[in-house]
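Peer 1: With positions in the sequence shown counted from 1, the corresponding number in my numbering is that position plus 3.
Note that CB positions come from ideal geometry on N, CA and C, so glycine has one too.
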Amino acid sequence: LGQAWTQPGGRPHAETEALAEAGSAARGATAFVTLEPCAHTGRTGPCAEALAKAGIGRVVLSLDDPDPRVSGRGRAMLTAAGVDVSTGLLEAEARAMNAGFFCRVFQGRPRVTLKLASTLDGRIATQTGESRWITGPMARAYVHHLRATHDAILIGAGTARADNPRLDIRDVTPPARLPVRIVVDPRLSLPLTGHLAATAAQQPLWLIAGAGGDPARRAAFATLGAEILDVPLLDGRADPQAMLQRLGKTGLTRVFVEGGGQLAASLLRAGLVDDLVVILAGKLLGAEGVPAVGGLNLAHLADAPGFTLLETRPLGPDILTRWAPKTAASQLS
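(1) Relative to the alpha-carbon of T129, which residue among P140, E52, W326 and L288 has its alpha-carbon at the smallest distance?
(2) Taking the CB atoms as reference points, tell me whether P235 and S269 lie closer together than 7 angstroms.
(3) When the Cα atoms are used, what is the spatial distance from L22 to T82?
(4) With a cut-off of 8 angstroms, do at least 3 Cβ pairs link the segment 302 to 310 to the segment 118 to 134?
(5) Are A144 and D171 closer than 7 angstroms when you measure CB to CB?
(6) Is DSSP giving P178 helix, strand or coil here?
(7) Pull up the CB-CB distance for R112 and L283, whole angstroms please, since I reckon it's below 8 angstroms.
(8) By Cβ distance below 6 angstroms, which residues in the same chain neighbour A57 in space, the five residues on each side in sequence not counted?
(9) Within 10 angstroms of its Cβ, does H16 collect 16 or more other Cβ (buried), or is it exposed?
(10) Quick check on E24: does DSSP put it in helix, strand or coil?
(11) Specify, as a first and last residue, the run of the alpha helix (DSSP H) that E314 falls within.
(12) Alpha carbon to alpha carbon, how far is A204 from R150?
(13) To the nearest whole angstrom, what separates the beta carbons of L210 and L191, a pair I think is in contact under 8 angstroms?
(14) Rounded to a whole number of angstroms, what is the C-alpha to C-alpha distance between L299 and V281?
(15) Given G147, which residues of its chain have a CB within under 8 angstroms of its CB, disregarding the five upstream and five downstream residues?
(16) Check whether the Cβ atoms of L66 and E96 sit closer than 7 angstroms, and answer yes or no.
(17) Can you tell me where the beta strand (DSSP E) with E230 in it begins and where it stops?
(18) On a CA-only basis, which of A155, A201, G197 and G75 is nearest R184? Give me that one, please.
(19) Could you tell me the boundaries of the alpha helix (DSSP H) in which A95 lies?
(20) Check each candidate in D166, A241, L193 and A179 and name the one with the smallest Cα separation from A214.
(21) Label W136 either buried or exposed according to how many other C-beta atoms from any shown protein chain fall within 10 Å of its C-beta, with 16 as the threshold for buried.
(22) Within 10 angstroms of its Cβ, does L119 collect 16 or more other Cβ (buried), or is it exposed?
(23) Which same chain residues, not among the five before or five after R272, have their C-beta less than 7 angstroms away from its C-beta?
(24) Excluding sequence positions up to five away, which residues of its chain have a Cβ less than 7 angstroms from the Cβ of S27?
(25) Excluding five sequence neighbours on each side, which residues of the same chain lie with their C-beta closer than 7 angstroms to the C-beta of T37?
(26) Check each candidate in T138, I231 and N167 and name the one with the smallest Cα separation from P320.
(27) Is G402 helix, strand or coil by DSSP?
(28) Cβ atoms of A163 and L193: under 7 angstroms apart, would you say?
(29) At which residues does the alpha helix (DSSP H) containing S269 begin and terminate?
(30) By DSSP's criteria, A212 is part of a beta bridge. Which residues make up the other side?
(31) From the beta carbon of T138, is the nearest beta carbon of chain B less than 7 angstroms away?
(32) How long is the line joining the alpha carbons of T324 and T315, rounded to whole angstroms?
Structure representation (structure tokens):
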């Protein structure tokens, strides 16, 4: 009768959109909702109230909303209005689907997926910088799928300068809203003539920078359509925690990190990687190759970031593995 999802920016919510599509047919119908309908009034009224007013006879929930403004109150509002409510349908799947939202609610930042595509010895380029292509077509298509399922793609300025990437979506059907492309670039060193800057008007481009900087560079990027987000710097580099908190305030819930090694290391050191995706190609480049992860400054094995294996499968000639931080592994499927 009607189906919908919460719209970009967080409004309108899914329930009101689905009810609008269903119209009068909603009366007496069952609504299946992944997350408990909201019970508070913001820019719009409570979704629980909208469902009751539409005459919905039954609401099936996957899980309660952890937001303290809602938790349990949405169900109570529906029950008080005479709507039959049941919970727990596909709860694990819904929890995984909403993991980014939960991360932003509880930690104030988007959920971070770090992708490493490397040789068997953990190299992402030769000593001369050649990197195309280490992995095969199926692996590259899978990476584009991951891009399409995240709110944003994050890379470091060094990777942007070296590879001149587009960070667009190919090989898979693009989402209705293209992910934001984010470059951690404290010195605003991204070439103004590169692919990212040149396409800032077609697909959002944000630059993570420190306060101040060259006003002419800032003006040039603004003219191209790029947005600059200032964050505190630590030793000339963006503070990873502050950066993710800043991104959380924009409404982002899932960020896909593609490179490079220094950015990966900074996130790992800070314990900010929630999902680790590793794609291994059957090649060896040796110690002189460029490592996938920069220095972690570890003196003891016990201090190394630990991950638990969730999945292993082939991607053509390459191997995909997915990992969760050991502290969070029990919460994931």
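Peer 2: Straight from the coordinates:
(1) L288
(2) no
(3) 19 angstroms
(4) no
(5) no
(6) coil
(7) 29 angstroms between Cβ atoms; not a contact.
(8) L22 and A29
(9) buried
(10) helix
(11) E314 -> not in any alpha helix (DSSP H); beta strand (DSSP E) instead, spanning F310 to L318.
(12) 19 angstroms
(13) 6 angstroms
(14) 18 angstroms
(15) Checking the sequence shown, residue 147 turns out to be His, not Gly. Here the set comprises I172, R173, D174 and V175.
(16) no
(17) E230 to D233
(18) A155
(19) E94 to M100
(20) A241
(21) exposed
(22) buried
(23) L299
(24) none
(25) S65, A97, M100 and N101
(26) T138
(27) What the structure shows of the chain is the stretch from 4 to 336, and residue 402 is not part of that stretch, so it cannot be assessed.
(28) yes
(29) G264 to R272
(30) D233
(31) Among the protein chains of the structure shown there is no chain B, as only one such chain exists.
(32) 4 angstroms
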